[in-house]
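Notes follow the structure.
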Amino acid sequence: MTRIGRASKLGAAILGGALVLSACGSDSDGGDDAGKKNNGGGGSSDTVTLAWAQPLDSYNPTTAGANSNANGTILNGTVGGFWGFDGERGLVTPHEEFGTYEKVSDDPLTVEYTINEKAQWSDGVPIDCIDVQLWWTQQSGAIDGLFSAVGTQGIEDTTRPECEPGGKSFTLVYDTPYADWETAGPGVGNNKIMPAHVVAAEGGLSEEELLTALLDEDADALADAATFFNEGWLINGALPDESIIPSSGPYKLSGYEEGQSVTLTANEAYWGEQPATKNIVVRMVAEEQQVQALQNGEVDVIQPQPTVDVANQLENATGIQTFLGDQYTYEHWDFNFDRGPFSDSLPLRQAFALCAPRQQIVENLIQPIVPDASVKEVRNLAPWDPGYDLGVDAVAPVISEFGTTDIDRARQILEAEDAVGTKIRVETLDNQRRNDSGALVKASCDQAGFDVEFVSSADFFDTTGGLSQGTFDVAQFAWIGSNQMSGWNSTFRTSECTVEGKGNNNGCYSNPQVDQLLDDILVAPNPEDAQAIAAEIELLLWEDLATIPIFQHPGITAWGDSVQNIVPNPSQGSITWNVHEWSKG
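For reference, each letter of the sequence shown is one residue, going -23 to -1, 1 to 562 in mature numbering (1 follows the signal peptide of the UniProt record, and there is no 0).
Quick look at the structure:
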């Protein structure tokens, strides 16, 4: 495995010497193709075009149903926060243009935040106390079931912050220690501050009335506002009206063509430095077509899922920069614990684990790109993270019994359970690698005695898709995270099994022991203790077969020679973490 942020020598070997594997993409390798240029995106110097396979489906990625990498990637430049996962290693970095924060006490843990005095939404409304109160109410889960959220992640253990109307400063005081306190405050992705003045207006309230209702935790007064917050920013065929999608970042949404593209334009009301390029266009391009689109100059930047076909296309491409590196992303199967044959049957989950062709998937689909790739045994730590080997050792007894494909044993279990012929629905996102993976699952598990219906769809991640709605028996997808252990806390925590309430726990898994350990890991006094707790959690997840990890994703990013400041990011910060610095000359 390569280290984060460094070019992969393995990738160079498999993709061919014609490619330049670079962390910053500004240098040429000096080979035969060094002088060839790809202006991309039609050649316009005031527009950089990113190819992406999944559409934008919500302006509010903080809700459980809209927490997708596509939404986060496209919206990175439009809604700001105090911190982000920045740079080549995806580390937590303060965003001081938005504001500053400081831990002022360890006992009790106390963090003071100050929003930039100049910070405002693109419609001119200041970012202040009311926005913070809306954020805290949602992220803390203070009013059960009202505001959809991905997970509380520490904010549930803070006291509601005090701030005056129009105030720019607030303080979070924690009831208990919280190891990842820095990422608990308003930041990127699913932890953004959303515009409270819009929520007030759409909920039939004045800003003063909304603030009072939030402070009083008045669920009845907030009902219409919460409905808008959860559903009013969904994108159904067209962007919402400009008045309800104000920006707090260097870009704002300015155009949308369903199934075709999203356009971001420089936010002239942004108080910080204006972005290097006026327009960013995100074009919807199927992953298997992205290399050709880049080579043809139709787009400037691509980040497709690595496949053998993509690798072969890149080997023959010219005039581009390519980066192959590790990502905090892993592929897995999730069981549905709310309905279906696996919901209350550990033996059937064990039978699936024994027929699921993990090794075959890695050998056929991943090793042709990264020859030393291996099956992933630990879900929540990356192979380069401290504690990964400890986790592998902890789960070894279960892996030895259920971690290797054994069709005969799987069938024996089905026969013992009188379950031969059990129909199971395996769902995933429609792309080539997952379709290939699904075909391998069907062939293997049908042989064991299941009757597999494999379904891949373009709307799998949408708020109305199979993952959110729970129509699957087994879901195959990937989580992208960071080195913060709190990031995966909500994925396995008992929650209300509804679209709004389950957060990241899409399969509605529940184990009180795991819940307690998830609490414990957040207050672990040192990294060694946290790693030991993570190993305990992994063992319980394997014993319950809550999910089955498959492999750690390698990441491929490629861009035209004429594009500057493309810096691949291995975390959920995504490729667009520094989109405001992209330029083309």
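Backbone N, C-alpha and C define an ideal beta-carbon position, used for all residues, glycine too.
Spatial neighbours of residue i within its chain, please: CB distance less than 8 Å, with the 5 preceding and 5 following residues excluded, ordered by chain position.
i, result
"asparagine 313", "Phe319, Ser320, Gly447, Phe449, Asp450, Val451, Ala452, Gly484 and Cys485"
"proline 38", "Asn44, Ser45, Asn48, Gly49, Leu52, Gly166, Asn167 and Lys169"
"aspartate 407", "Ser433, Ser434, Ala435 and Phe437"
"alanine 156", "Met462, Ser463, Ile498, Leu499, Val500, Ala501 and Ala507"
"serine 238", "Gly232, Val258, Val259, Arg260 and Met261"
"alanine 455", "Thr306, Tyr307, Glu308, His309 and His530"
Taking 7 Å as the cut-off, decide whether the C-beta atoms of residue i and residue j are in contact.
i, j, result
"alanine 512", "alanine 359", "no"
"tryptophan 536", "valine 278", "yes"
"glutamine 282", "arginine 410", "yes"
"glutamine 116", "isoleucine 132", "yes"
"aspartate 303", "proline 547", "yes"
"alanine 270", "valine 262", "yes"
"valine 476", "glycine 42", "yes"
"lysine 229", "serine 351", "no"
"isoleucine 384", "glutamine 424", "yes"
"glutamate 235", "glycine 214", "yes"
"residue 644", "proline 531", "Because residue 644 is not part of the residues shown, which for the chain are -23 to 562, the question remains open."
"phenylalanine 59", "histidine 72", "yes"
"tyrosine 305", "proline 526", "no"
"alanine 202", "valine 175", "no"
"glycine 162", "valine 556", "no"
Within 10 Å of its beta-carbon, does residue i have 16 or more other beta-carbons around it, so buried, or fewer, so exposed?
i, result
"residue 565", "The question about residue 565 has no answer, for the chain in this structure spans -23 to 562."
"glycine 8", "In this prediction, glycine 8 has a pLDDT of 31, which is less than 50 and means its spatial position is unreliable; what the coordinates show is noted afterwards. So glycine 8 counts as exposed."
"proline 138", "buried"
"glycine 12", "For glycine 12, the pLDDT reaches just 28, beneath the cut-off of 50, and the residue's location in the model is therefore unreliable, leaving the point undetermined."
"leucine 192", "exposed"
"lysine 400", "exposed"
"tryptophan 554", "buried"
"lysine 95", "exposed"
"aspartate 538", "buried"
"leucine 323", "exposed"
"alanine 30", "buried"
"asparagine 273", "exposed"
"asparagine 357", "buried"
"asparagine 503", "exposed"
"proline 374", "exposed"
"isoleucine 552", "buried"
"glutamate 141", "exposed"
"alanine 288", "buried"
"glycine 18", "Per-residue confidence for glycine 18 stands at a pLDDT of 49, beneath the threshold of 50, marking its modelled position as unreliable; no derived number is given."
"glycine 562", "exposed"
"serine 220", "exposed"
Would you give the residue range spanned by the alpha helix (DSSP H) that residue i belongs to?
i, result
"histidine 530", "It is not in any alpha helix (DSSP H) - histidine 530 instead sits in the beta strand (DSSP E) that spans 524 to 537."
"lysine 419", "409 to 425"
"aspartate 428", "Unbroken run through aspartate 428 is the beta strand (DSSP E), 428 to 434; no alpha helix (DSSP H)."
"proline 374", "365 to 379"
"valine 287", "285 to 292"
Please list the terminal residues of the continuous beta strand (DSSP E) segment that includes residue i.
i, result
"glutamate 392", "Here glutamate 392 belongs to no beta strand (DSSP E); instead the alpha helix (DSSP H) covers 384 to 393."
"arginine 260", "256 to 261"
"isoleucine 132", "That residue, isoleucine 132, is in no beta strand (DSSP E); it is neither H nor E in DSSP."
"alanine 177", "Segment 173 to 179 is the alpha helix (DSSP H) holding alanine 177; no beta strand (DSSP E) there."
"isoleucine 401", "400 to 406"
"proline 71", "68 to 71"
"serine 506", "The amino acid occupying residue 506 in the given sequence is aspartate; serine does not appear at that position. Where aspartate 506 is concerned, there is no enclosing beta strand (DSSP E), although the alpha helix (DSSP H) it sits in stretches over 504 to 521."
"glycine 61", "60 to 63"
"valine 491", "First-last for valine 491: 489 to 499, but that is the alpha helix (DSSP H), not the beta strand (DSSP E)."
"isoleucine 457", "451 to 457"
With a CB to CB cut of under 6 Å and the five nearest residues on each side skipped, what residues in its chain are close to residue i?
i, result
"threonine 40", "Ser125 and Asn207"
"glycine 442", "Asp436"
"valine 81", "Thr87 and Glu89"
"alanine 173", "Ile107, Asp108 and Leu111"
"valine 56", "Lys169, Ser225 and Gly226"
"threonine 524", "His309 and Asp311"
"leucine 27", "Val259 and Val278"
Looking only at DSSP bridge pairs, what is residue i linked to?
i, result
"serine 35", "Leu211"
"tyrosine 78", "Tyr90"
"valine 540", "Lys561"
"aspartate 303", "Pro531"
"valine 234", "The residue asked about is misnamed: residue 234 is glutamate in this sequence, not valine. Glutamate 234 is bridged to Ser238."
"proline 103", "Gln97"
"serine 146", "Thr91"
"aspartate 193", "Partner(s): none; aspartate 193 has no beta bridge."
"leucine 27", "Val259 and Val278"
If you drop the 5 nearest sequence neighbours on each side, which residues of the same chain put their C-beta closer than 7 Å to that of residue i?
i, result
"asparagine 488", "Leu517 and Asp521"
"threonine 204", "none"
"proline 217", "Tyr36 and Trp210"
"valine 429", "Ile401, Val403, Val418, Lys419, Cys422 and Asp423"
"lysine 353", "Tyr307, Pro526, Ile527, Phe528 and Gln529"
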